Each structure stands twice: as C-alpha cells, then as structure tokens.
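In our numbering, the protein residues as written are 28 to 196. Written below as structure tokens is the structure these notes are about.
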Ligand code: CO
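Okay, structure coming up:
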C-alpha cells in the first residue's frame, strides 16, 4: 500500500506550547517514523520552507528534515554537533513557526554532525553554508530554542505585528 502523506499544522510562536520543550531521542525506527518524516516533508513544502523540526508539528522527538535543493532531502534523527568552524556564514534567518519575520544572523559555516537515518543506521557528515545554517537552526528547535528568544520585549512586539500582517496576506 502506498502511504498518502498529510500536511500537519505547524505550531506558531508565541501561542503554541511545546516550542520551548526539549525533545527526546527517537528509539523506534519503524514504518511509523518513515511515514511521519514523509508528513513533515509535505508539510514543509506546503509552506515553502527549507527545514522543519518535529517539535514544530507538536512531536517532541529529535528528528529534523532539510530540503534546500528539490532532489536532496535530508532527514537527521538524533543529530549531535561534533564540530563547528570558526568561519561564519551569514543568512537571513526565518522560521515556519515565526512566519513573516526574518533576521540576518551568522552561524558556523561548516559543521560535522553525527546522526541516524530513518533506518537507525549511524551517519557522520559534514555540512557547509546554507545546509550547515539550516541544520543548526533546526537543531535549536530540538532543544526548545527559537531564534526570536533573545530579542528584546520591544522587538518581540514588532515581530508579532509583522506576523499578523503576514497572516493577513
Ligand atoms: Co524554525
């Protein structure tokens, strides 16, 4: 039987609970996990995102997906940062949980990450540039961190206004 993936609702800051929770490790590498990853992919694509972490759809598990180029879908289960370069990569950071808001930010340009694939097999990869940036952003979600957390009260208010405007479009 072919699985029909479904678009899941994406939790939005600041209303949603769960976005600040620390996710737990994935221990079952079954068909259900593969189907969930497929759901996450179609959910991310439906919102034109390049990355999505499981807690953003209310599942507190350490799983994230990245799709920057259409033919390269990357699923990282239980990712761990092994190494990060001193060199930085600048990008206009955005988040599907904070729609309509972007901010320039620098993150390490090159990272080495240890993770498991959907079959539970251990992997060890190096990522650069936008890939490294996006993975670091999604890994923050697994630890309950959002890129707007550090902003001042005034700035957070401005972000909320921008989000409301974006939602009306
Ligand atoms: Co995000």
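Using N, Cα and C, we set each Cβ at its ideal position, and we do this for glycine too. Computed from a prediction, not measured in an experiment: that's the story for all the values here.
Would the C-beta of residue 157 count as close to the ligand CO, meaning under 7 Å from any of its heavy atoms?
no
Answer with buried or exposed for residue 70, where buried requires no fewer than 16 other C-beta atoms within 10 angstroms of its C-beta.
Flag for residue 70 reads buried.
When you compare the CB positions of residue 38 and residue 124, do they come within less than 8 Å of one another, or not?
Residue 38 is a Cβ neighbour of residue 124, given a cutoff of 8 Å.
Would you verify that the beta carbon of residue 47 is, or is not, closer than 8 Å to some beta carbon of chain D?
The structure shown contains no chain D; it holds only a single protein chain.
Going by Cα to Cα distance, which pick from 85, 100, 194 and 138 is closest to residue 160?
138
With a threshold of 7 Å (Cβ to nearest heavy atom), would residue 94 be considered close to the ligand CO?
For the ligand CO, not one heavy atom lies less than 7 Å from the Cβ of residue 94.
With residue 106 and residue 91 assumed to form a contact (beta carbons below 8 Å), what rounded beta-carbon distance in angstroms separates them?
7 Å
What does the Cβ neighbour count give for residue 162, buried or exposed, with the cut at 16 atoms within 10 Å?
buried
I'd like to confirm something about residue 123: is its beta-carbon nearer than 7 Å to some heavy atom of the ligand CO, or not?
yes
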